[in-house]
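A.B. asks: Mind looking over this structure? Questions follow.
There are 2 protein chains.
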Amino acid sequence: MTLEETRPPTIKTIAQNVGMTANTVSRALRGSGSISPTTRDKILAEARRLGYVPNAAARALVLGSANSLGLVMTNPSNPFYSELFSVIERRSRKDGYLLQLSATEENLQNEESAVDAMLRWRVDGAIVVATQGSDAPWQRLMANGVPMICVNRPLLEVDCELVGIDYEQGAYDATLHLLDSGHWPLVVFEEDLEISTVHSRIAGVHRALGVRGRAAEEVSIVRIESLRDNDSTLPWQPQSAYEEAHRRLAGTPRGTGVIAGNDFLALGVYRAAYELGLSIPEDVGVCGQGDHPFSAFLTPGLTTVRSPVQDIGAAAVDWIMERIRGAPPAPPTHRRFAPTLQVRGSTMARSTG
Amino acid sequence: MTLEETRPPTIKTIAQNVGMTANTVSRALRGSGSISPTTRDKILAEARRLGYVPNAAARALVLGSANSLGLVMTNPSNPFYSELFSVIERRSRKDGYLLQLSATEENLQNEESAVDAMLRWRVDGAIVVATQGSDAPWQRLMANGVPMICVNRPLLEVDCELVGIDYEQGAYDATLHLLDSGHWPLVVFEEDLEISTVHSRIAGVHRALGVRGRAAEEVSIVRIESLRDNDSTLPWQPQSAYEEAHRRLAGTPRGTGVIAGNDFLALGVYRAAYELGLSIPEDVGVCGQGDHPFSAFLTPGLTTVRSPVQDIGAAAVDWIMERIRGAPPAPPTHRRFAPTLQVRGSTMARSTG
DNA sequence: TTGTACGCGTTATCAC
DNA sequence: GTGATAACGCGTACAA
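In structure tokens, the structure reads:
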């Protein structure tokens, strides 16, 4: 086997073999312009024979676009995001767009390099889950005229198209549900990240408390150490919440309700409660967020706030596609899909007393 | 705001602005060749001022490589693959390589289009989880000289570099553990996909049976309907296993052991057992595969076969990188990492009788 | 140290 | 219907 650095065949190769010009070959392969059926077939046959594959870089260079989308996520092992990715991947593939994916791991520096990569490749659009550390990278992206839509989290100051979830409403619903089924006092478990989703959920809890005339002071907000900004590839997991729940639930009054920022946190609470001899939902009610694939099958089933991931992913791609296809840049919209409360065994109504 | 189709600045733009040649600018930006410090600074300043970003397509065209890797997976919502993606993304980013990702969803046609995309973009290497429907796409990829490594599943007939898990050994260990802790008879739950991982695990079970002198006939293999080949973006989930377990576990003798092909299947078994009034591990022992993030926190904790995902991902990228950096094409190796049995509450030793 | 010339593979605009 | 020719943005030889 010789080590000849053999470049793949080009349209020029085909042209020579069939005694034509590169130009003709180009049109034949692409079906545009006018070509005589005979030459067309001859060219196509030769192309197939050679195993010709068009060079995307060359095409991108002259066309100025690569038919590709940038997808920037924080952490793919978050079930929410992995499902989101699935939807987006499928939908953009259907439209013939390539997906260029990067994970930022809640790290601003990674975010910047992701933007850099998208700029270099002249992506046609970007779908972004921002870390919310700074708007700078995204301003840069938008300043370069790249259509961009935020998913799940808005930017800090800059206004940008957004499609997400009404976390505030979800937490509001969850809180009302816990209160009305007799759970009190409440404990809220959230990751210790300064992101809008966390803030929204806490706001929702407070609104519900106000509506039911409960004192916000009696609700403790517990921040769970996030492992996401370490240099680890650890997936989301319940460990920290489990440890914290052990401490918080030890001397808690019977009937306490727990609101968890995601279902992994809730699962940590489950385990801690079990080890402390507390039964769910009698001694402690638990409500999660996300309806992760495992949640319905826990014992008891986990009451959780379900987000319409599919709709969000679809909406994001659709918006980008419209913009790519020439829709005029309109003032940014913020669309927040309503989550729905999935009531299961973990918050069954308890008899008061 | 005028609709001038304004292309981004190029090195030529910079050159004109500073009164130099494109060539000089090129070297200044890239730090190669020799440039006078003065002009260098002037060029860099102008580049920054313009917000210049090199055009990756143009560079790729002349260099013949795009510094990108193709990653082909079946289903990103599988926790194993999402973690694998995390590792690979991080590691390739560290090496300055872009990741081009596609999901095949166990579908051969998607696989072909993924290969097509990689070929067009002239990716420098490919990391692949094959659907094992046909070798054709991968033969095409390899025939084009693209370094390629299979993860987790080998190809059908063609020999190709592989890094994976010794599923056979894992299932063997799990089976021995179940038998030796008094569980009998056994029921094996596997997805109804014709993939090597499933076959390997079943082989491992049989080997263990042989070693302990148990009759393979008494072990029932239950195939769980896979939702993966539908046109759905459903994540992995326990539903089908749950339904099937309801049927299979109804009249089962006390002490039955269940071996599940992944932890989601195991979770379905958990729920069915609970509803049937069977307690784990007294009435039925359960062993999973994958050690998904939730498994340690179930009640009881799920005994499961843990795969070294990190090692596998790292090994895959490293191998690709070596090949890209010019390592001579050697005969393919098959490296299978040993999984480790995580013994937890779901298979606690039961007193015989 | 800098400039000239050319090539990468493809598409587009014109002639013919 | 087909063929020159130029252009996309950048890198590499080589000459100045």
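For the protein sequence lines, the chains are A and B, in the order given.
Going by our numbering, the first residue of the first sequence is number 1486, and it counts up by one from there.
Going by our numbering, the first residue of the second sequence is number 1486, and it counts up by one from there.
We treat Cβ as the ideally placed atom computed from N, Cα and C, and that holds for glycine.
#1: Which chain B residues are close to serine 1725 of chain A, counting only those with a beta carbon under 8 Å from its beta carbon?
#2: Cβ atoms of alanine 1615 of chain A and glycine 1657 of chain A: under 8 Å apart, would you say?
#3: Note the first and the last residue of the continuous alpha helix (DSSP H) segment covering threonine 1789 of chain B.
#4: In terms of residues, what are the limits of the beta strand (DSSP E) holding arginine 1756 of chain A?
#5: Whose C-beta lies closer than 6 Å to the C-beta of proline 1793 of chain A among residues of the same chain, with five residues either side of it excluded?
#6: Could you name the residues that DSSP lists as bridge partners for serine 1553 of chain A?
#7: Less than 8 Å between the C-beta atoms of leucine 1826 of chain B and valine 1790 of chain B, yes or no?
#8: Check each residue of the stretch 1760-1789 of chain A: if its Cβ is closer than 7 Å to any Cβ of chain B, include it; give the result in chain order.
#9: Looking only at its chain, what residues have a beta carbon closer than 7 Å to the beta carbon of alanine 1507 of chain A, apart from the 5 residues adjacent to it on each side?
#10: Check the Cβ of tyrosine 1582 of chain B against every Cβ in chain A and list those closer than 9 Å, keeping chain order.
#11: If you run the structure through DSSP and keep just helix, strand and coil, what is lysine 1497 of chain A?
#12: Any Cβ of chain B within less than 8 Å of the Cβ of serine 1571 of chain A?
#13: I'd like to check one pair, glycine 1786 of chain A with serine 1831 of chain A: are the Cβ atoms closer than 8 Å?
#14: Are the Cβ atoms of threonine 1682 of chain B and tyrosine 1652 of chain B separated by less than 8 Å?
#15: Mind checking if glutamate 1710 of chain B is an interface residue toward chain A, Cβ cutoff 8 Å exclusive?
#16: Would you kindly report the start and end of the unbroken alpha helix (DSSP H) that includes threonine 1741 of chain A?
#17: Check the Cβ of alanine 1602 of chain A against every Cβ in chain B and list those closer than 7 Å, keeping chain order.
#18: CB-CB under 6 Å to glutamate 1489 of chain A, same chain, minus the five flanking residues each way: which ones, in chain order?
#19: Which chain A residues are close to asparagine 1629 of chain B, counting only those with a beta carbon under 9 Å from its beta carbon?
#20: Would proline 1564 of chain A pass as an interface residue toward chain B - the criterion being a Cβ-Cβ separation below 8 Å?
#21: Between which two residues does the alpha helix (DSSP H) carrying leucine 1671 of chain B extend?
#22: Rounded C-beta distance between isoleucine 1520 of chain B and valine 1503 of chain B? I'm assuming under 8 Å.
#23: Using 8 Å for Cβ pairs, my map puts asparagine 1747 of chain B next to arginine 1605 of chain A. What's the rounded Cβ distance?
#24: Glutamate 1531 of chain B: buried (16+ other C-beta within 10 angstroms of its C-beta) or exposed?
#25: Got a sec, what are the start and stop residues for the beta strand (DSSP E) glycine 1775 of chain A sits in?
#26: In or out: alanine 1545 of chain B buried (at least 16 other Cβ within 10 Å) or exposed?
#27: Can you give me the Cβ contacts of alanine 1730 of chain B inside the same chain, cut-off strictly under 6 Å, excluding the 5 residues immediately before and after it?
#28: Using a Cβ-Cβ cutoff of 9 Å, what residues of the stretch 1730-1750 of chain B are near chain A? List them in chain order.
#29: Look at proline 1639 of chain B and glycine 1610 of chain B and say whether their C-beta atoms are less than 8 Å apart.
#30: Looking at the C-beta of proline 1793 of chain B, does it have a partner C-beta in chain A at a distance below 8 Å?
#31: Beta-carbon of glutamate 1568 of chain A versus every beta-carbon of chain B: anything under 8 Å?
#32: Are any of the Cβ atoms in chain B nearer than 8 Å to that of alanine 1621 of chain A?
#33: I want to verify the contact list: residues of chain B whose CB lies under 8 Å from the CB of proline 1816 of chain A, in sequence order.
#34: By how many angstroms is the C-alpha of valine 1672 of chain A removed from the C-alpha of glycine 1689 of chain A?
#35: Count Cβ pairs between the stretch 1733-1743 of chain A and the stretch 1792-1808 of chain A that sit closer than 8 Å; are there 3 or more?
#36: Assuming arginine 1821 of chain B is part of the beta strand (DSSP E), what are its boundary residues?
C.D. replies: If we stick to the structure as given:
#1: Correct list: empty, because the minimum Cβ distance to chain B is about 12 Å.
#2: Here residue 1657 of chain A turns out to be tyrosine, not glycine, going by the sequence shown. No. Outside cutoff.
#3: Not the alpha helix (DSSP H): threonine 1789 of chain B falls in the beta strand (DSSP E), residues 1788-1791.
#4: Counting along the chain, arginine 1756 of chain A falls outside any beta strand (DSSP E), though it belongs to the alpha helix (DSSP H) covering 1748-1760.
#5: Phe1822
#6: A/Leu1583
#7: yes
#8: Pro1778, Phe1779, Phe1782, Thr1784
#9: Ile1496, Lys1497, Ala1500
#10: Chain A residues near tyrosine 1582 of chain B: none, gap ~10 Å exceeds 9 Å.
#11: helix
#12: yes
#13: yes
#14: yes
#15: no
#16: Not the alpha helix (DSSP H): threonine 1741 of chain A falls in the beta strand (DSSP E), residues 1741-1745.
#17: Leu1583
#18: Low local confidence applies: a pLDDT of 49 at glutamate 1489 of chain A is under 50, so the model's placement there is unreliable, with the coordinate-based value given in what follows. Around glutamate 1489 of chain A: no qualifying Cβ.
#19: Pro1493, Gly1536, Val1538
#20: yes
#21: Taken as a continuous stretch (DSSP letters only), leucine 1671 of chain B belongs to no alpha helix (DSSP H), being part of the beta strand (DSSP E) at 1671-1676.
#22: Contact flag wrong, Cβ pair sits at about 12 Å.
#23: The pair is not a contact, with the Cβ atoms about 39 Å apart (cut-off 8 Å).
#24: buried
#25: No beta strand (DSSP E) holds glycine 1775 of chain A; DSSP gives it neither H nor E.
#26: buried
#27: Gly1753, Val1754, Ala1757
#28: Asp1748, Phe1749
#29: no
#30: no
#31: yes
#32: no
#33: Those do not exist, as proline 1816 of chain A stays about 12 Å from chain B at its closest Cβ, beyond 8 Å.
#34: 14 Å
#35: no
#36: 1819-1822
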